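**Q** Offset between the sequence shown (1-based) and the working numbering: plus 1.
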Amino acid sequence: MERISQPITKTVIVALDALFKSSKVDIRLHDLENVPDQPVLFVINHFTRLETIFMPYIIKKYLNMYTFSLAHYSFFGGGFGKFIEKLGGVSTKDPDRDVIFTRSMLTGENSTLIFPEGQMVKDKKLVEKGKYMIYNTGIRRPPHTGAANVALNTEFYREKMRYLKENNFNDELKAMLEHFRLTPQDLDGVLAKESLIIPVNITYYPIRVHNNAINRLVERFVKNVSERMEEELEIEGTMLLDGVDIDINFGKPIHPREYLNGCSTAMGKAANRRLYLDSDELKKEVPFNRPSIDLMQRYMDAIYGMTTINSDHIFAYMLTKTNRTKIHECDLKNRAFLAIEQLKEKKIPNLHTNLYKNQFHIITDDEHQRFNSFIEAGVSDGLITMKDHYIIKNKKKFSDIYEFHTIRKDNIFEVFTNELEPLPGITRLLIKSAARPAFLARRKIRGYFLELDQRFFEEDYEKYFLPDESKPKNIGRPFFMKRWYQRKGIILIHGYMAAPEEMRVLADIIHGKGYAVYGVRLRGHGTAPEDLDSREWIEWYNSVNRAYIVMENSVRRFAIAGFSTGAGLALLQASQKGDRLSGVISISAPLKLQNISSRLTSAVVAWNKFLDRLHVGKGKMEFIANTPENPHINYLRNPVRGVNELGKLMDVVEKNLPAIQIPALIIQGSNDPVVNPVSAMEIFKKVGTTKKEIYEIYSERHGIVRGDTAEKVAERVKNFLESVFD
Numbered sequence: 002m003e004r005i006s007q008p009i010t011k012t013v014i015v016a017l018d019a020l021f022k023s024s025k026v027d028i029r030l031h032d033l034e035n036v037p038d039q040p041v042l043f044v045i046n047h048f049t050r051l052e053t054i055f056m057p058y059i060i061k062k063y064l065n066m067y068t069f070s071l072a073h074y075s076f077f078g079g080g081f082g083k084f085i086e087k088l089g090g091v092s093t094k095d096p097d098r099d100v101i102f103t104r105s106m107l108t109g110e111n112s113t114l115i116f117p118e119g120q121m122v123k124d125k126k127l128v129e130k131g132k133y134m135i136y137n138t139g140i141r142r143p144p145h146t147g148a149a150n151v152a153l154n155t156e157f158y159r160e161k162m163r164y165l166k167e168n169n170f171n172d173e174l175k176a177m178l179e180h181f182r183l184t185p186q187d188l189d190g191v192l193a194k195e196s197l198i199i200p201v202n203i204t205y206y207p208i209r210v211h212n213n214a215i216n217r218l219v220e221r222f223v224k225n226v227s228e229r230m231e232e233e234l235e236i237e238g239t240m241l242l243d244g245v246d247i248d249i250n251f252g253k254p255i256h257p258r259e260y261l262n263g264c265s266t267a268m269g270k271a272a273n274r275r276l277y278l279d280s281d282e283l284k285k286e287v288p289f290n291r292p293s294i295d296l297m298q299r300y301m302d303a304i305y306g307m308t309t310i311n312s313d314h315i316f317a318y319m320l321t322k323t324n325r326t327k328i329h330e331c332d333l334k335n336r337a338f339l340a341i342e343q344l345k346e347k348k349i350p351n352l353h354t355n356l357y358k359n360q361f362h363i364i365t366d367d368e369h370q371r372f373n374s375f376i377e378a379g380v381s382d383g384l385i386t387m388k389d390h391y392i393i394k395n396k397k398k399f400s401d402i403y404e405f406h407t408i409r410k411d412n413i414f415e416v417f418t419n420e421l422e423p424l425p426g427i428t429r430l431l432i433k434s435a436a437r438p439a440f441l442a443r444r445k446i447r448g449y450f451l452e453l454d455q456r457f458f459e460e461d462y463e464k465y466f467l468p469d470e471s472k473p474k475n476i477g478r479p480f481f482m483k484r485w486y487q488r489k490g491i492i493l494i495h496g497y498m499a500a501p502e503e504m505r506v507l508a509d510i511i512h513g514k515g516y517a518v519y520g521v522r523l524r525g526h527g528t529a530p531e532d533l534d535s536r537e538w539i540e541w542y543n544s545v546n547r548a549y550i551v552m553e554n555s556v557r558r559f560a561i562a563g564f565s566t567g568a569g570l571a572l573l574q575a576s577q578k579g580d581r582l583s584g585v586i587s588i589s590a591p592l593k594l595q596n597i598s599s600r601l602t603s604a605v606v607a608w609n610k611f612l613d614r615l616h617v618g619k620g621k622m623e624f625i626a627n628t629p630e631n632p633h634i635n636y637l638r639n640p641v642r643g644v645n646e647l648g649k650l651m652d653v654v655e656k657n658l659p660a661i662q663i664p665a666l667i668i669q670g671s672n673d674p675v676v677n678p679v680s681a682m683e684i685f686k687k688v689g690t691t692k693k694e695i696y697e698i699y700s701e702r703h704g705i706v707r708g709d710t711a712e713k714v715a716e717r718v719k720n721f722l723e724s725v726f727d
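This is the structure:
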């Protein structure tokens, strides 16, 4: 194996294995099966210096191919240059460069790797006036055709050898074999092969730039670090230390032979025994002209067509392309959500794995790490400011022309936007979504989640329906009571083992006072106990989130209220949503339960799981008989696992009470047989807001939202809403 040192390569692989395992870098490989058992030329986009290190490592580790890669001559001085050579590096000024690459592609002994852009494309600016144009020494130029020429030259010489052999031009054939350091024994293998180009796209997510331990260490030991090096250390050091997903997509093979066969001039030269035989001619590239440009265009399309789309691309493109300088963050989130759903519906390939997950968390206003990180990056660069949940663009920053070597630090949004420009199908979709009027986006979001909530209920009801236990559909179906020209609203959340109908009396009264009302159905409720037995508390929380999305896209301001378990969920929502909610009402929240058996549920659940592992059906306690105050609404069997989930929920609620900073009303029945009345005072003391009220209603019942206490509860709720909406 010429030039490449196996021991050094193996040592580097071990070192890189250790580095990647200890870092937060996640390398994800896609479509490796596209790489055939033939001589391969990898053409790869170039954004960081990291690619020059880890791509030969990836190719050797996962494809078992040693790789020759073209590198700038400035890297090849002294011992470091020799080290790079031992790893397969070939200098742009190496006199044997063309022989090394051509021989490798003729025999398939090693793969070849070329970055067709010729240098790092830091700004991701690839398209100008519909053509590929790359920044280089102050100007924009087309990508190099070097990779295309290597592939076409290789196939030309392969066909030349075939012609010489078939026509018994042995002297000429011998001269050609010797030039490429081949023996007659190699010939049959060479003629049986075909050189193929494999386009490869590398996409990083997230890309963040900040001062880090690596560049601080370099600055400590190296004087006068250039601005260019400092920028590269900041971005690549942040990737290694903070973590980055590196999606590497291997495209389908491209056959250079097709372009060669279409070039009659080239094929004529291949069939001429007198051309391209002496040493001077063999040192020159065959002038393919048009075929090399066409081939370059083909693999550049393939490379950038495989860009892995992520949420940063979508947020940045919409924010950059909108003509407005001020946009509400909910509006941007709505548009991003709808765009992502469209991309999935259209089965757009190469979406980041996060985009295949449920995206509704983008628009629930809980802490959304990806969106917050994007906003923080924009604020840090001075591109945007945040005020009252509005994103305000810095017009000058968005219109400035940035230095190529600092743009990743100065305007990361432009980098994200540029990366999408070679994908017209996606950019058209995003531009259309960005241009959609805000009220249409809200209407679409509202309709989507109203339909989704109804569909979930219908599917759950059909799946778990029990003729003797399931209540009529009108008991369990979620409801939305609209108001024309509605500006204020409230979300109502029912209790454990109940259904939306439990909150109907309160809903009717509040709706009559001019409020839009959404009656939530918590997953597992309103169907059958087996449905509840299959649920975790986070599914209840997400049920409320869907109602939150509907209400946020229906009214300007709204509050949230819940009864019993629903009260716990309302409090948790208030702790997470901040001032996006106008107020929170907790009615009989079960911070402490009266029944001691509730404390034993975790042990019972553990016992049931133990029996499941032993495949023992007997001895399990899955349901407990229940005698509810409203048997026409509530379940008559209580799943033990459900009580355990309730306990988990209330533990989370209690920890988050200090985070509540919006007005709060705490209501509790005086002699509640289910919830210990001291819960109300504990909640009152622990909520962080100073704007809080506590109200006790005399009652021997738990269900104070119905019956003779319902009017009193509704009156207190109405008064509270009037105070917070003033």
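For each residue, glycine too, the CB sits at the ideal point set by N, CA and C.
These numbers come from a predicted model, not from an experiment.
Measure the alpha-carbon distance for Ile-494 versus Gly-563 and round it to whole angstroms.
**A** So the two alpha carbons sit approximately 4 Å from each other.
**Q** Between Asp-332 and Ala-439, how many whole angstroms is the CB-CB distance? I'm expecting something under 8 Å.
**A** Confirmed, Cβ separation roughly 5 Å.
**Q** So the alpha helix (DSSP H) Gln-7 belongs to, where does it begin and stop?
**A** It spans 7-23 - the alpha helix (DSSP H) in which Gln-7 sits, taken as one unbroken run.
**Q** Please identify the residue among Ile-310, Ile-101 and Asn-395 whose C-alpha is closest to the C-alpha of Gly-426.
**A** Comparing Cα-Cα distances from Gly-426 to each of Ile-310, Ile-101 and Asn-395, the minimum goes to Ile-310.
**Q** Enumerated in chain order, which unbroken segments of the alpha helix (DSSP H) with a length of 4 residues or greater are wholly contained in the region 543-588?
**A** As far as the region 543-588 is concerned, its whole alpha helix (DSSP H) runs of at least 4 residues are 566-578.
**Q** Grouping DSSP H, G and I as helix and E and B as strand, with all else coil, what is Phe-414?
**A** Phe-414 falls in the helix class under three-state DSSP.
**Q** Grouping DSSP H, G and I as helix and E and B as strand, with all else coil, what is Tyr-67?
**A** The answer is coil: DSSP assigns Tyr-67 none of H, G, I, E or B.
**Q** According to DSSP, is Ser-280 helix, strand or coil?
**A** The predicted model places Ser-280 with a pLDDT of 46, which falls under 50 and marks its position as unreliable; any figure quoted below should be read in that light. Reduced to three states, the DSSP call for Ser-280 is helix.
**Q** In chain order, what residues of the same chain have a beta carbon less than 7 Å from the beta carbon of Gly-496, not counting five sequence neighbours either side?
**A** Same-chain partners within the cutoff: Glu-503, Phe-564, Ser-565, Thr-566 and Gly-567.
**Q** Count the other CB atoms, across all protein chains shown, that sit within 10 Å of the CB of Gly-89; report buried if there are 16 or more and exposed otherwise.
**A** Flag for Gly-89 reads buried.
**Q** Label Asn-596 either buried or exposed according to how many other C-beta atoms from any shown protein chain fall within 10 Å of its C-beta, with 16 as the threshold for buried.
**A** Because Asn-596 carries a pLDDT of 44, less than 50, the predicted location of this residue cannot be relied on, and the following value inherits that uncertainty. Exposed, by the Cβ-count rule.
**Q** For Val-725, is the classification buried or exposed, using 16 other Cβ atoms within 10 angstroms of its Cβ as the cut-off for buried?
**A** Counting Cβ neighbours within 10 Å, Val-725 comes out buried, since at least 16 surround it.
**Q** So the beta strand (DSSP E) Met-482 belongs to, where does it begin and stop?
**A** Its beta strand (DSSP E) spans residues 480-482.
**Q** Taking its Cβ as the centre, do 16 or more other Cβ atoms sit within 10 Å of Gln-577, making it buried, or is it exposed?
**A** Burial call: buried.
**Q** Please list the segments of the beta strand (DSSP E) lying wholly inside the region 483-547, counting only runs of 3 or more residues, in order along the chain.
**A** Correct list: 489-494 and 517-521.
**Q** Give me, in chain order, the residues of the same chain whose beta-carbon lies closer than 6 Å to that of Leu-384; leave out the 5 immediate sequence neighbours on both sides.
**A** Taken in chain order, the residues that qualify are Asn-395, Lys-398 and Phe-414.
**Q** Can you give me the start and stop residues for the alpha helix (DSSP H) that Phe-116 sits inside?
**A** No alpha helix (DSSP H) contains Phe-116, which DSSP labels as neither H nor E.
**Q** Asn-639: which of Tyr-542, Lys-693, Val-714 and Arg-536 sits nearest, CA to CA?
**A** For the residues Tyr-542, Lys-693, Val-714 and Arg-536, the minimum Cα distance to Asn-639 belongs to Arg-536.
**Q** Please classify Phe-157 as buried or exposed, where buried requires at least 16 other C-beta atoms within 10 Å of its C-beta.
**A** It counts as buried.
**Q** Any idea what DSSP makes of Leu-153, helix, strand or coil?
**A** Leu-153: helix per DSSP, three-state reduction.
**Q** To the nearest angstrom, how far is the alpha carbon of Pro-591 from that of Leu-352?
**A** Answer to the nearest angstrom: the Cα atoms are 43 Å apart.
**Q** Quick one: grab the DSSP three-state call for Ala-715.
**A** In this structure, Ala-715 counts as helix in the three-state DSSP scheme.
**Q** Could you tell me the boundaries of the alpha helix (DSSP H) in which Lys-358 lies?
**A** Element bounds for Lys-358: n/a, residue is neither H nor E.
**Q** To the nearest angstrom, how far is it from the Cα of Arg-600 to the Cα of Thr-710?
**A** Residue placement at Arg-600 is poorly supported in this model, since its pLDDT is 44, which falls under 50; the coordinates still yield a value, given next. Taking the straight line joining both Cα atoms gives about 29 Å.
**Q** Comparing C-alpha positions only, which one of Ile-199, Arg-456 and Met-162 sits nearest to Leu-183?
**A** When each option's Cα is compared against that of Leu-183, the closest is Met-162.
**Q** Return the chain-ordered ranges of every alpha helix (DSSP H) run that is complete within the region 364-391 and spans a minimum of 4 residues.
**A** Runs found: 370-381.
**Q** Would you mind listing the beta strand (DSSP E) stretches within the region 620-693 that are 3+ residues and don't spill past its ends, in chain order?
**A** Whole beta strand (DSSP E) segments, 3+ residues: 624-626, 638-640 and 665-670.
**Q** DSSP on Glu-697, reduced to helix/strand/coil?
**A** Of the three classes helix, strand and coil, the one that applies to Glu-697 here is strand, per DSSP.
**Q** Go to Val-245, then tell me how far its beta strand (DSSP E) extends in each direction, as first and last residue.
**A** First-last of the beta strand (DSSP E) with Val-245: 245-251.
**Q** Just checking my contact of Arg-104 with Phe-181 at CB under 8 Å: how many whole Å lie between their CB atoms?
**A** Right, their Cβ atoms sit about 5 Å apart.
**Q** Exposed or buried, which one is Pro-659 when buried takes at least 16 other CB atoms within 10 Å?
**A** Burial call: exposed.
**Q** Would you mind stating whether Val-551 and Leu-451 have Cβ atoms separated by less than 8 Å?
**A** Result yes, Cβ atoms of Val-551 and Leu-451 sit closer than 8 Å.
**Q** What residues are listed by DSSP as bridge partners for Thr-204?
**A** DSSP output for Thr-204 lists Asp-248 as bridge partner(s).
**Q** Just how far apart, CA to CA, sit Ile-236 and Tyr-449?
**A** The straight-line gap from Cα to Cα measures roughly 39 Å.
**Q** Our contact map puts Leu-192 next to Arg-159 with C-beta atoms below 8 Å; I'd like the distance itself, whole angstroms only.
**A** Indeed they touch by this definition, with Cβ atoms about 7 Å apart.
**Q** Express the C-alpha separation of Phe-55 and Ser-24 in angstroms, rounding to a whole number.
**A** In a straight line, the C-alpha of Ser-24 is about 14 Å away from that of Phe-55.
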